[in-house]
Structure formats: C-alpha cells, structure tokens
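Numbering (my numbering), first residue to last: 1 to 29. Every residue gets a Cβ at the ideal spot worked out from N, C-alpha and C, and that includes glycine. Predicted model, so just to flag it, every value in this text is computed and none were measured.
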Amino acid sequence: MIIFIKYKSLRGMFIFANKRLISVKKQNK
C-alpha cells in the first residue's frame, strides 16, 4: 500500500515536471 502511494506521487511529480517543460518550450517560441 505504501509503495503504491509512493508510485502515484512519483508519477504525479513526473507529469507536473513534464507540463512545466512544455510551457517553457512554448515561451521560448
């Protein structure tokens, strides 16, 4: 159960970082 929660939070952080990366790329253009 604890591992599942850690996996979900890790996945959420990855998606959040990915969205930030895309927004930065759009700003550069």
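Straight-line gap, Phe4 to Gly12 (C-alpha atoms, nearest Å) | Each residue's Cα considered, the two are about 12 Å apart.
Can you tell me the Cα-Cα spacing of Phe14 and Lys29, whole angstroms?
23 Å
*asked:* Going by DSSP in three states, Lys8 sits in which element: helix, strand or coil?
replied: DSSP places Lys8 in helix when its eight states are reduced to three.
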